[in-house]
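Colleague: In this note's numbering, the protein residues as written are 209 to 391.
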């Protein structure tokens with residue numbers, strides 16, 4: 209019988225926590241740079257755009273006026289990145305780049321945008337396979353896979369991401385798909 213040293217799980221957890229902080233700092237910086245490039249920031253608002261056409265209109269309006277882009281606070285209970293603010297930063301960075309890259313909300317475009325985000329992370333020094341990279345991959349690319357297979361978002365985003373990075377990505381994905389959206 210194999211006995212796993214209990215400190216192993218603590219070390220893995222510590223690594224995930226540290227990688228989460230590093231990724232959160234990267235995302236906050238990406239959102240800050242995006243705001244500087246486009247000339248506007250964001251505001252959390254329940255009535256944020258939820259279709260691609262509405263997002264394009266809202267981004268164009270923000271570019272014209274400099275007013276903050278409404279970003280939805282919905283589904284931010286299970287935070288991955290250490291704070292709800294980082295989740296909002298990621299949504300802002302993601303939403304603005306949907307429009308800047310002319311990528312709609314279809315699965316193929318969502319996958320392309322997730323790969324672009326990962327390439328930005330790689331340019332910042334976090335190579336594929338690093339824990340920081342795997343966290344963002346599980347969050348963004350993993351969501352696309354869950355949408356493709358189950359036509360839904362992960363039931364518990366934090367559990368899903370941690371499940372994908374604590375072992376083999378596909379095993380975490382399969383566990384989520386078998387949950388059928390149950391928390």
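Backbone N, C-alpha and C define an ideal beta-carbon position, used for all residues, glycine too.
(1) Need the endpoints of the alpha helix (DSSP H) that residue 294 sits in, please.
(2) If I measure Cβ to Cβ from residue 378 and keep anything under 8 Å in the same chain, skipping five residues before and after, which residues do I get?
(3) Tell me where the beta strand (DSSP E) around residue 250 begins and ends.
(4) Measuring CA to CA, which of 307, 291 and 352 is closest to residue 316?
(5) Does the structure place the segment 320 to 335 close enough to the segment 360 to 367 that three or more beta carbon pairs sit under 8 Å?
(6) How big is the Cα-Cα spacing for residue 386 and residue 241?
(7) Would you call the segment 283 to 303 and the segment 229 to 249 touching, i.e. three or more CB-CB distances under 8 Å?
(8) Looking at the strands, I want to know which residues DSSP matches up with residue 279.
(9) Would the beta-carbon of residue 250 fall within 7 Å of that of residue 276?
(10) Could you give the DSSP three-state label for residue 376: helix, strand or coil?
(11) Are residue 343 and residue 307 close, meaning C-beta to C-beta below 7 Å?
(12) Comparing alpha-carbon positions, which option in 388, 340, 359 and 348 lies nearest residue 224?
(13) If you run the structure through DSSP and keep just helix, strand and coil, what is residue 242?
(14) Excluding the five sequence neighbours on either side, which residues of its own chain have a C-beta within less than 6 Å of the C-beta of residue 297, listed in chain order?
(15) Could you check how far apart the C-beta atoms of residue 369 and residue 388 are, in whole angstroms? I think they sit under 8 Å.
(16) Let me make sure I understand the geometry here. Which of 349, 248, 253 and 271 has the alpha-carbon closest to that of residue 280?
(17) Since residue 300 and residue 270 are thought to touch, with beta carbons under 8 Å apart, how far apart are those beta carbons, to the nearest angstrom?
(18) Beta-carbon separation of residue 322 and residue 349 under 7 Å?
(19) How is residue 234 classed by DSSP in three states: helix, strand or coil?
Modeller: So, from the data block:
(1) 292 to 308
(2) For residue 378, where only same-chain residues beyond five positions count, there are no Cβ hits under 8 Å.
(3) 250 to 252
(4) 352
(5) With the cut-off at 8 Å, the segment 360 to 367 and the segment 320 to 335 do not touch.
(6) 39 Å
(7) yes
(8) DSSP lists 252 as the beta-bridge partner residues of residue 279.
(9) yes
(10) coil
(11) no
(12) 340
(13) helix
(14) Taking C-beta separations shorter than 6 Å and ignoring five residues to either side along the sequence, the partners of residue 297 in its chain run 235, 236 and 239, following chain order.
(15) About 18 Å; that fails the 8 Å criterion.
(16) 253
(17) The Cβ separation is near 11 Å, so there is no contact.
(18) yes
(19) helix
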